[in-house]
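**Q** Sequence lines, in order, name chains Z and U. Every position in the first sequence, counted from 1, becomes a number in my numbering once 1439 is added. Every position in the second sequence, counted from 1, becomes a number in my numbering once 134 is added. Beta carbons: idealized from backbone N, C-alpha and C, even for Gly. Please read these numbers as outputs of a predicted model, since none were measured by experiment. Handing you this structure, nothing more for now.
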Amino acid sequence: DAGITQSPRHKVTETGTPVTLRCHQTENHRYMYWYRQDPGHGLRLIHYSYGVKDTDKGEVSDGYSVSRSKTEDFLLTLESATSSQTSVYFCAISEVTTGETQYFGPGTRLLVL
Amino acid sequence: AQSVTQLDSQVPVFEEAPVELRCNYSSSVSVYLFWYVQYPNQGLQLLLKYLSGSTLVKGINGFEAEFNKSQTSFHLRKPSVHISDTAEYFCAVSPYQKVTFGTGTKLQVIP
């Protein structure tokens, strides 16, 4: 298994509070991604990173920010959580992008009350 | 922009029967195609992928898929399913940097 961990694995928070999810990899892969998974929507890309301090938006980036200060860590922040951000969040990594397999972390279940 | 359509949200099938999970895509450029599997409470893992060459791609656990450019399809098949194949399956396309996933098909294998 690819060395990808996500923390926390479960979180319950209240509307309006900030939340930070962490993805940590030990594979030294260049690319890292944050997805959210919701019933009927599959996986949707939130943000991705193609190197330290290099990030770009995905299709559902509103309300989310990311940071990558080290190759191994990719943080996803919900500045002010809303109930619509209740979801399962997955981190993924790949060595290159085009045509390359993505390796997924175990996911974080976030419930915003 | 590209898109992926998985027409069947759920597919029930009896154990040892064959199964086909359908995937259609649209893209204005050539794409790479993937099937991922997600077991309960886990992340996704790659089943197989098509990059180029032979249109019949074999993957893990006895699965295979056929790329059909004229029909823009990449259907997943297995000749005989097992209980352990119960999972959700995602088709995905990737022409450039970003991968677009379908909405998933839940395969339920009935004993």
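1) Can you check whether the C-beta of U:Q179 is within less than 8 Å of a C-beta belonging to chain Z?
2) Mind checking which residues open and close the beta strand (DSSP E) that includes Z:D1512?
3) Going along chain Z in order, which residues have a C-beta closer than 7 Å to the C-beta of U:Q176?
4) What beta strand (DSSP E) runs, 3 residues minimum, are completely inside the region 143-199 of chain U?
5) Does the Cβ of Z:L1517 lie closer than 7 Å to at least one heavy atom of the ligand ATP?
6) Considering just the uninterrupted stretch of the beta strand (DSSP E) at Z:D1477, what are its terminal residues?
7) Enumerate in chain order the residues of its own chain whose CB-to-CB distance from Z:L1484 is below 8 Å, with the five nearest sequence positions on each side excluded.
8) Could you tell me which of U:S228, U:L241, U:V138 and U:L210 sits nearest to U:S185, measuring between CA atoms?
9) Would you say Z:T1540 reaches chain U, if we count a Cβ-Cβ gap shorter than 8 Å as a contact?
10) Just verifying my parser: in three-state terms, what is the DSSP assignment at Z:Q1619?
11) Which residues in chain Z have a C-beta closer than 9 Å to the C-beta of U:F224? List them in chain order.
12) Determine the contact status of Z:L1517 and Z:S1506, defining contact as a CB-CB distance below 8 Å.
13) Let me know the secondary structure DSSP gives Z:S1508 once reduced to three states.
**A** With the given structure in hand:
1) Reading the second sequence from its first residue, position 45 is the one you call residue 179 of chain U. Residue-level contact check: U:Q179 touches chain Z, since one or more beta carbons of chain Z fall below 8 Å from its beta carbon.
2) As a working mapping, residue 1512 of chain Z is identified with position 73 in the first sequence. Going by DSSP, Z:D1512 is part of the beta strand (DSSP E) stretching over D1512 to L1517.
3) The sequence position of residue 176 of chain U within the second sequence is 42, counting from 1. Chain Z residues near U:Q176: P1545.
4) Runs found: 144-148, 153-155, 158-160, 166-172, 178-184 and 190-192.
5) Absence of the ligand ATP from the depicted structure is noted, as is the absence of any ligand whatsoever, leaving it without description.
6) Mapped onto the first sequence, residue 1477 of chain Z falls at position 38. Z:D1477: member of the beta strand (DSSP E) spanning Y1470 to D1477, first to last residue.
7) Numbered from its first residue, the first sequence carries residue 1484 of chain Z at position 45. Cβ-Cβ distances below 8 Å link Z:L1484 to Y1472, W1473, Y1474, G1497, E1498 and V1499 in the same chain, with the five nearest sequence neighbours on each side left out; the list follows chain order.
8) Residue numbering aside, residue 185 of chain U sits at position 51 when the second sequence is read from its first letter. Here residue 185 of chain U is Leu; the residue named in the question, Ser, does not match the sequence. Of the listed residues, the one whose Cα sits closest to U:L185 is U:S228.
9) Along the first sequence, read from residue 1 onward, the residue named residue 1540 of chain Z stands at position 101. With 8 Å as the cut-off, Z:T1540 counts as an interface residue toward chain U.
10) Because residue 1619 of chain Z is not part of the residues shown, which for chain Z are 1440 to 1552, the question remains open.
11) On the second sequence, residue 224 of chain U is found 90 positions in, with the first residue counted as 1. For U:F224, the C-beta contacts it makes with chain Z under 9 Å involve G1481 and L1482, in order along the chain.
12) Position 78 of the first sequence, counted from the start, is the residue given in the question as residue 1517 of chain Z. Position 67 of the first sequence, counted from the start, is the residue given in the question as residue 1506 of chain Z. No, the Cβ-Cβ distance between Z:L1517 and Z:S1506 is not below 8 Å.
13) By 1-based counting over the first sequence, the position of residue 1508 of chain Z is 69. In the three-state reduction of the DSSP assignment, Z:S1508 falls in the strand class.
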